[in-house]
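Take a look at the structure set out below.
Numbering (my numbering), first residue to last: 9 to 154.
Rendered as C-alpha cells:
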C-alpha cells in the first residue's frame, strides 16, 4: 500500500518542522545568558610547556581554583592567556599526551626573537615577500611563528 503524494509531502513537511530549530530563536542570546567556550589541551610534558608559554610572553595562572580547571584531566591545570586569546593546559596521566598546536604571534620584536633563540628553543628562519619569519618548536612539537 502506498500513500498518496500529498500525504507524503505533509509528513515530510511536519518532520522538517519538528526537527529543524527556529533560526531566529537559536541565534538570539538574551543579556542574562552567557555563552562559555573552553579550549583545553592535555599534555604529559606539563612543566616544560608551562615554561615555554611563559618564555613566549603568555600569562600563566597555575591552579586557578575554579570549577573549570582541570576540565578534562585529573592532574594540574593552568589558564594560559595572551592578548585576549585564552586556553587551558592540563596535565595528563597518559604518557603520550601532546599539546601540539601552531600559533602565529605577529606582535613580537627583534629583541623577543633574540631572547628566545638564546634560551635554546629549536628555531628556523625564513624570508619571504612579507618579511622575515621565525618559527620555534614547542616541547610537545607545535610551532610558534613570530
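In this text, a Cβ means the ideal position worked out from N, Cα and C, and glycines have one as well. Keep in mind that this is a model prediction, so the values were computed, not measured.
TODO: Select from 85, 58, 84 and 108 the residue whose C-alpha is nearest the C-alpha of residue 151.
DONE: Here the question's residue 151 lines up with position 143 in the chain shown. Residue 108 is the option with its Cα nearest to residue 151.
Task: Buried or exposed by the 16-neighbour rule on C-beta atoms within 10 Å, applied to residue 87 - done: Within the chain shown, numbered from 1, the residue matching residue 87 stands at position 79. The residue is buried, with at least 16 neighbouring Cβ atoms inside 10 Å.
Open item on the list: For residue 142, would you say it is in contact with chain C, using Cβ-to-Cβ distances shorter than 8 Å as the test?
Closed with: You won't find chain C in this structure, because it holds only one protein chain.
Open item on the list: Quick check on the DSSP output: what are the complete beta strand (DSSP E) runs of length 3 or more inside the stretch 75–137, in order along the chain?
Closed with: 85–90, 93–99 and 131–136
Task: N- and C-terminal bounds of the alpha helix (DSSP H) containing residue 61 - done: For the purposes of this step, residue 61 is identified with residue 53 of the chain shown, where counting begins at 1. It spans 54–63 - the alpha helix (DSSP H) in which residue 61 sits, taken as one unbroken run.
Open item on the list: So, with DSSP's three-state summary, where would you put residue 152?
Closed with: Translated into positions along the chain shown, residue 152 becomes position 144. Note: residue 152 maps to strand in three-state DSSP.
TODO: Could you say which of 129, 149 and 50 lies nearest to residue 99 if we only look at CA atoms?
DONE: Counting from one through the chain shown, the residue named residue 99 turns up at place 91. Among 129, 149 and 50, the Cα nearest to that of residue 99 is on 50.
Open item on the list: Please tell me whether residue 131 and residue 141 are closer than 8 Å, where the distance is taken between their beta carbons.
Closed with: Position 123 of the chain shown holds residue 131. Position 133 of the chain shown holds residue 141. Going by C-beta atoms, residue 131 is not nearer than 8 Å to residue 141.
Open item on the list: Restricting to Cα atoms, I'd like to know which of 111, 63 and 149 is closest to residue 52.
Closed with: Here residue 52 refers to the residue found at position 44 when the chain shown is read from its first residue. Among 111, 63 and 149, the Cα nearest to that of residue 52 belongs to 149.
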